[in-house]
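Participant:
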Amino acid sequence: MRAKLPVQEGTVERDGVKLHYEIYGNGTETIVFVPPWSIVHSRVYKGQVPYFAERFRCVTYDPRGNGKSDRPDDIAAYSLNNLVADLLAIMDATATGAAVLVGLSLGGMIISITAAHHADRVRAAVLVGTSAVIGPSHPYMTTSHFQLKRTNFDEWGKYNEDYWLSDYPDFAAHFVGNIFSEPHSTKQIEDAVGWANETTGPILAKTVHARSIPPAFDVSEAMYRKIKCPVMMIHGDDDRIQRYARGRLVAELTGAEFTTIEGGGHNPLGRVPAKCNRLISEFLERKLGLPVRAKPNLSRSKPRRALYLSSPIGLGHARRDIAVSRELRKLVPGLQIDWLAQDPVTRLLASSGETIHPLSGRLASETRHIEQESGEHELHAFQAIRRMDEILVANFMTFQDAVEEEQYDLVIADEAWDIDHYWHEHPELKRAPLVWFTDFVGFIPMPSGGQHEAFLTTDYNAEMIEHIERHPAVRDLAIFVGEPADIAPMSFGKDLPSMREWVPKHFDFAGYVMGEHPQIFGGRSELRETLGYAADEKVCIVTVGGSGVGAHLIKRILQAWPTAKAKIPELRMIVVAGPRIDPVSLGAPVDVEVVAFVPDLDRHLAACDLALVQGGLTTCMELTAAGTPFIYFPLRNHFEQNFHVVHRLDRYQAGHRLEFANVSPEEISETMVTALREPVRSKSVEANGAERAARMSAQLLQAS
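Counting from 431, one number per residue, gives the positions in the sequence shown under my numbering.
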């Protein structure tokens, strides 16, 4: 799922070749993102477009040879002359007079030519890992090397026409792996290999042969001296595609501002998007006076202010976060808390009288992404998080705007993975003390993913560990929602420490935190009477959280309803579909009640006789604390629900676990009867977690 969709798309035809373009945003100033070599297409800018489209009109287009653009057969069609003409044609078709041009690799050369020979079309130029024909080159990147007949294709021998025609996918993987020379670049490599495989070896070979066609314009050092517009360059000093020294020479000739990405490879825009977005923003503000970043609100009132971020995946995080915020206000009188949140969390916050930050409306929906990633009671959570990278960087940039504009005294982030990741990647962006909440630490591979997934989860865990140990001051306070015994007895991966060894060294423990502990609800009989439940009925509540992932589970449970009702005539079933499932779509029997949203659901769960739920931790722990019998169905391939949550519930001796994939309606009804008839023996759940977490957080506010 994309973080932002285009407002317009179309095609331009030049000499019989159709070029696909997209327009994002509607600002008065335009940024054109010029595509690099045809081994990738315009999605290479996915880390930039959603952010800049909030303030600019952004134009992207696919190069000839890839994406939605044509793949002509003629070698001459891929000449530098045509690539420059393509840019001008796109600008004309989109009514773009002069624009800021941003280009990666070959895109940087196209921009340089345009800035030198069509100066009136370029307001400013941003060149990243730029290509050039001046200065030193890697020997394996030359046209002669490419055309050399070879039998040995080791390493850079794969940059060879014979190899592309025999095994282009392997070359694509090899080349992209050298683009991203930085550690922990598995997702960027995966994306770019996918884009590379949207073209072919023969097509890409034509683009290299076309470099032998003399251009119609000067591309020597003299050309770069002609460029008069403001130029910014970003170049990694470990660029294995275009030499760092070549970038330095271009900067010297153009008078460009030059930023070195230490240890960076060929595509910083993809590998460190937040840093690049910030660099480009500052450049445009400084050189063109364009208002890109949020300006600090220096006139804000004196009372302490906190920005709270609550994970939008389910509503459990929000309920516990509201509890922490209430306790925090008791400890810090007058504290103002703003919430940067998404639907459906905003609905719960609004019903609780909380203040929602206006930039919340700009956040890309993580919940919708999770729904699109889910199957029939299945969510491969680790892969879904990996594929949410575009959304996460876009939302981080929105968060950064919010925290810089309002100058908060504290940021509280409950599993806001984007904040934690990018502030560790770029600690210079940190603007306030950070409290980090989580109820699990560590990705765990699912058996279905095999060795490759084990490699990926290990790599992600290793990056997290390196982040925290390299920059321990980013998290001013890290709170594990639970006790040390709740840490899964597993390893972070090959050659990495165990979770139980590492987590206590880097986290404080608040005990379990829930919205409101059931012990404050009063007696069970009085609570049932208040909620309208009769003493002679057995109330069964079915609830699947705030996303739309649970529809399949509800339907399976509804199939079990007639048998369960026959065995227990006094049984009453209430289905809480959640705000993102249409109750009508469930086809519930007439004697089953279906509601969309219950703001005080925790009270109903404490009052009912039985609950059937997904394997989410919050709801299961609320039921455990209430002593309510429950049956839970972990989502298939959801590492957290199948490992971290199961471990914790086993420790509390709570719940009946069923596997959705192989359980029949009859088995569900039998388990319902068993759960209703046997006594509950689960351990008690601590009641002061929110107070403990708030007390730890308040110390940061009082110290600042």
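The C-beta atom is built at its ideal place from N, Cα and C for all residues, glycine as well.
1. Pull up the DSSP beta-bridge partners for residue 970, would you.
2. Determine whether the Cβ of residue 745 lies closer than 8 Å to any Cβ atom of chain B.
3. Using a Cβ distance threshold of 8 Å, determine whether the region 663 to 683 contacts the region 549 to 564, with at least three qualifying pairs required.
4. Among the candidates 741, 535 and 913, whose CA atom is the shortest distance from the CA of residue 790?
5. Would you decide whether residue 476 is buried or exposed? Buried here means 16 or more other CB atoms lie within 10 Å of its CB.
6. The alpha helix (DSSP H) that contains residue 1132, what's its start and end?
7. Would you mind reading off the limits of the beta strand (DSSP E) that contains residue 665?
8. Need the endpoints of the alpha helix (DSSP H) that residue 1052 sits in, please.
9. Check whether the region 498 to 508 touches the region 532 to 540, counting contact only when three or more Cβ pairs, one atom from each stretch, lie closer than 8 Å.
10. Going along the chain, which residues of its own chain have a beta-carbon closer than 6 Å to the beta-carbon of residue 633, five neighbours each way excluded?
11. Check this for me: beta carbons of residue 818 and residue 871, under 8 Å apart or not?
12. Since residue 962 and residue 1032 are thought to touch, with beta carbons under 8 Å apart, how far apart are those beta carbons, to the nearest angstrom?
13. Using a threshold of 8 Å, state whether the C-beta atoms of residue 746 and residue 1048 are closer than that.
14. Beta-carbon separation of residue 868 and residue 899 under 8 Å?
15. Buried or exposed for residue 456, going by 16 or more other Cβ atoms inside 10 Å?
16. Scan the region 875 to 940 and note each continuous beta strand (DSSP E) run of 3 residues or more that stays entirely inside, going in chain order.
17. Reducing DSSP to helix, strand and coil, say where residue 616 ends up.
18. Kindly give me the distance between the Cβ atoms of residue 756 and residue 765, rounded to whole angstroms, as I take these residues to be in contact under 8 Å.
19. Nearest by alpha-carbon distance to residue 1022: which of 1029, 709, 1124 and 1004 is it?
20. Answer with buried or exposed for residue 1113, where buried requires no fewer than 16 other C-beta atoms within 10 angstroms of its C-beta.
21. From residue 483 to residue 454, what does the alpha carbon distance come to, in whole angstroms?
22. Using CA atoms only, rank isn't needed, just tell me which of 1026, 722 and 968 is closest to residue 978.
23. Quick one: residues in its chain with C-beta nearer than 8 Å to the C-beta of residue 825, no 5 flanking neighbours on either side, listed in chain order?
24. May I ask which residues mark the beginning and end of the beta strand (DSSP E) holding residue 866?
25. Determine the direct distance from the alpha carbon of residue 875 to that of residue 884, and round the result to whole angstroms.
26. Straight-line CA distance for residue 1081 to residue 916?
27. Is it true that the CB of residue 777 sits closer than 8 Å to the CB of residue 1009?
28. State the DSSP-derived secondary structure class of residue 1086, mapped to helix, strand or coil.
29. My output table needs one value for residue 964: the three-state DSSP class, helix, strand or coil.
30. Output needed for residue 511: all residues of its chain with C-beta closer than 7 Å, excluding positions within five of it in sequence on either side, in chain order.
31. If distances are taken between C-alpha atoms only, which option among 517, 478, 515 and 588 comes closest to residue 709?
32. Assuming residue 880 contacts residue 1119 (C-beta within less than 8 Å), just tell me the rounded distance between them.
33. If we count the other Cβ atoms within 10 Å of its Cβ and call it buried at 16 or more, is residue 905 buried or exposed?
34. Quick one: residues in its chain with C-beta nearer than 7 Å to the C-beta of residue 573, no 5 flanking neighbours on either side, listed in chain order?
35. Which residue wins for smallest C-alpha separation from residue 1053, given the options 590, 1064 and 1039?
36. Let's test the definition: count the other Cβ atoms within 10 Å of the Cβ of residue 966 and tell me whether it reaches 16, buried, or not, exposed.
Facilitator: With the structure as the only source:
1. 1003 and 1040
2. Looking at the structure shown, chain B is missing, and only one protein chain is on hand.
3. yes
4. Nearest of 741, 535 and 913 to residue 790, Cα basis: 741.
5. Residue 476 comes out buried.
6. 1119 to 1133
7. 661 to 666
8. 1047 to 1056
9. no
10. 495 and 501
11. no
12. At roughly 16 Å, the Cβ-Cβ gap does not stay under 8 Å, so residue 962 and residue 1032 are not in contact.
13. yes
14. no
15. Residue 456 is exposed by the Cβ-count criterion.
16. 907 to 911
17. helix
18. Contact flag wrong, Cβ pair sits at about 11 Å.
19. 1004
20. exposed
21. 6 Å
22. 1026
23. 433, 793, 794, 796 and 848
24. Residue 866: member of the beta strand (DSSP E) spanning 864 to 868, first to last residue.
25. 5 Å
26. Computed Cα separation, rounded: 8 Å.
27. yes
28. strand
29. coil
30. 645 and 646
31. 478
32. The Cβ separation is near 38 Å, so there is no contact.
33. buried
34. 638, 641 and 642
35. 1039
36. exposed
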